[in-house]
Amino acid sequence: MAKILILNLGSTSSKGALYHDLTEIKSFTLRHSAEDLAPFKKVIDQVDYRKKCVEDWMISEGYKISEIDLFCLRGGLVKPIPSGIYKINEEIVKDVKEEKYEAHSSNVGLVIGYLWSNEYKKDAIFLNAPVTDELSDLARFTGLKGVERRSVFHALNQKQIALQYSNSVDKSYESLNLIVCHLGGGISIGAHTSGRIVDVNNALDGEGPFSPERAGQLSSFMVLDLVESIKDISTIKKLLAGKSGLMSHLNTNS
Numbered sequence: 047m048a049k050i051l052i053l054n055l056g057s058t059s060s061k062g063a064l065y066h067d068l069t070e071i072k073s074f075t076l077r078h079s080a081e082d083l084a085p086f087k088k089v090i091d092q093v094d095y096r097k098k099c100v101e102d103w104m105i106s107e108g109y110k111i112s113e114i115d116l117f118c119l120r121g122g123l124v125k126p127i128p129s130g131i132y133k134i135n136e137e138i139v140k141d142v143k144e145e146k147y148e149a150h151s152s153n154v155g156l157v158i159g160y161l162w163s164n165e166y167k168k169d170a171i172f173l174n175a176p177v178t179d180e181l182s183d184l185a186r187f188t189g190l191k192g193v194e195r196r197s198v199f200h201a202l203n204q205k206q207i208a209l210q211y212s213n214s215v216d217k218s219y220e221s222l223n224l225i226v227c228h229l230g231g232g233i234s235i236g237a238h239t240s241g242r243i244v245d246v247n248n249a250l251d252g253e254g255p256f257s258p259e260r261a262g263q264l265s266s267f268m269v270l271d272l273v274e275s276i277k278d279i280s281t282i283k284k285l286l287a288g289k290s291g292l293m294s295h296l297n298t299n300s
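Numbering (this note's numbering), first residue to last: 47 to 300.
And the structure:
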């Protein structure tokens, strides 16, 4: 019987579960306040702190990290890849530490998984990362030559829901044409065909509808006006991807 530790690191929480094969044994949510995270200049600097939080929880519940057979982490912002299961290796960790493809809390989990993998000689994996890229050639086109659309969305949930629906109608995922919507802090709408997501809005960079936390699609000139007004690109990114939508209008993401 395989013991599996599954970990999903968000911006203010670390969620996880222990499984024996396909049976859930225990799940947990660890909250991280603004004060807890204040000492860390960059998201990736949280690795040691977040790792210790999970290890302390394991000890408090009578579990040992050393007894885990497989570590499964939420995929992060790595290079664009097809959907599937990937082993966390040195190259991936180097990229996320350097924030080569942008910073995200899920990147912290990849590094933690890699550290455990090396320490306990067990595999650490992730699957269906948010940078899953199966776009058709046509879907990459934009109205500006040399600028292509980027695939960043809720691939993990999109794939899981598609598989659940396929099982419910007793058909293979690869035989169906589906439209799947993820409705969360961000919103992504994907076109699934032959087991691939061939078109989907970039839910991180601003394509698609506005959501509880994100601005969604704005006109090019509106964005230019923001840049001229605010000037700091990092501040604008945080505004558009985390403090817009319902947060902007109603001061709540609920």
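C-beta atoms are modelled at their ideal positions from N, C-alpha and C, and glycine is treated no differently. Source: prediction; values computed, not measured.
Counting only runs that start and end inside the segment 270-298, there is no beta strand (DSSP E) element of at least 3 residues. As for any beta strand (DSSP E) of minimum length 3 sitting wholly inside the segment 138-201, the runs are 169-173, ordered along the chain. Distance between His78 and Ser221, taken at the CA atoms: about 43 Å. Assignment of Ile105 by DSSP, reduced to helix, strand and coil, places it in the helix class.
Fully enclosed alpha helix (DSSP H) runs of no fewer than 4 residues occupy 80-83 of the segment 74-104, in order along the chain. In the structure shown, the three-state DSSP call for Phe267 is helix. Contact between Gly252 and Leu264 holds, since their C-beta atoms are separated by about 7 Å, short of 8 Å. Around the C-beta of Ala249, 16 or more other C-beta atoms lie within 10 Å, and the residue is accordingly described as buried. Cβ-Cβ separation between Asn174 and Ser129: approximately 5 Å, consistent with a contact (criterion under 8 Å).
With a cut-off of 8 Å on Cβ pairs, the segment 268-284 is not in contact with the segment 226-246, counting fewer than three such pairs.
With a cutoff of 8 Å on beta-carbon distance, Val226 and Glu180 are scored as not near each other.
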